[in-house]
Amino acid sequence: MIYIKLFLSFLQVGMFSVGGGYAAMPLIQNQVVEAHKWLTMGEFTDLITIAEMTPGPIAVNSATFVGIRIAGWQGAAIATFGCILPSCLIVSLLACIYYKYKGVSAMQSVLACLRPAVVALIAAAGISILRVVLFAGSGISLQAVNWVGAGLFLVAFAVLRKLKWNPILVMSLCGILNLCIGIISGM
Numbered sequence: 001m002i003y004i005k006l007f008l009s010f011l012q013v014g015m016f017s018v019g020g021g022y023a024a025m026p027l028i029q030n031q032v033v034e035a036h037k038w039l040t041m042g043e044f045t046d047l048i049t050i051a052e053m054t055p056g057p058i059a060v061n062s063a064t065f066v067g068i069r070i071a072g073w074q075g076a077a078i079a080t081f082g083c084i085l086p087s088c089l090i091v092s093l094l095a096c097i098y099y100k101y102k103g104v105s106a107m108q109s110v111l112a113c114l115r116p117a118v119v120a121l122i123a124a125a126g127i128s129i130l131r132v133v134l135f136a137g138s139g140i141s142l143q144a145v146n147w148v149g150a151g152l153f154l155v156a157f158a159v160l161r162k163l164k165w166n167p168i169l170v171m172s173l174c175g176i177l178n179l180c181i182g183i184i185s186g187m
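What follows is the structure, encoded as structure tokens:
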């Protein structure tokens, strides 16, 4: 039964995550945190961090991780297959349609209309993760602010925008800094 739940959950993620991995985050969160309670919100944030750092699409990495966590290697294979199946079918169909009608202006209009929806999905995922980092999942108040997380976010944002450092290097350095600060403050 768990295999069917994994397959159907990530089939939904794969089917409705228009716009790529960042757009899939709210859908993955809904399935694994809210609907099935396979992960807590903190674990979900860790999942997204790991999925972003490892090679491959975020949704597929997330499906594999959740599948392993819930039902071992078989669960990972089933969740991953559920996640990629809709994309394989839809992309094959769309490639045929696009190749046939790529010069038609209506096709270009449809593609232009999808862009705002993708931006909104990415923004929702970013705000959700930022809220967990800054307020540790609790209510939004000045007393609940995670000042270390806020500082690391601002420094990382500035370094990425101004100095154009490698994002993997910046994430790694933020993780190391957070670990060191946690060890020092725990003493």
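First residue of the sequence shown: 1, per our numbering; consecutive thereafter. Here a beta-carbon is modelled for each residue, glycine too, at the ideal position from N, C-alpha and C. If you're wondering where the values come from, they're calculated on a predicted model, not measured in any experiment.
So for Ile70, helix, strand or coil by DSSP? helix
If Val60 sits next to Ile84, beta carbons under 8 Å apart, how far is it from one beta carbon to the other, in whole angstroms? 6 Å
Asn178 - containing alpha helix (DSSP H), residue span: Pro167 to Gly186
Using three-state DSSP, classify Val133 as helix, strand or coil. helix
Status (buried if at least 16 other CB within 10 Å, exposed otherwise) for Gly14: buried
Between which residues of its own chain and Leu152 is the CB-CB distance below 7 Å, once the five residues before and five after are set aside? Cys174, Leu177 and Asn178
Restricting to Cα atoms, I'd like to know which of Val148, Leu11 and Leu163 is closest to Ile183. Closest by alpha carbon: Val148.
Report back the beta-carbon spacing between Ala125 and Met25 to the nearest angstrom; my notes put them in contact at under 8 Å. 3 Å
Under the three-state DSSP convention, the category Gly20 falls into: coil
C-alpha distance - Leu93 paired with Asn30, whole-angstrom precision: 28 Å
In or out: Val91 buried (at least 16 other Cβ within 10 Å) or exposed? exposed
Output yes or no for whether 8 Å exceeds the beta carbon distance between Ile2 and Ala71. Cβ distance < 8 Å, so Ile2 and Ala71 count as in contact.
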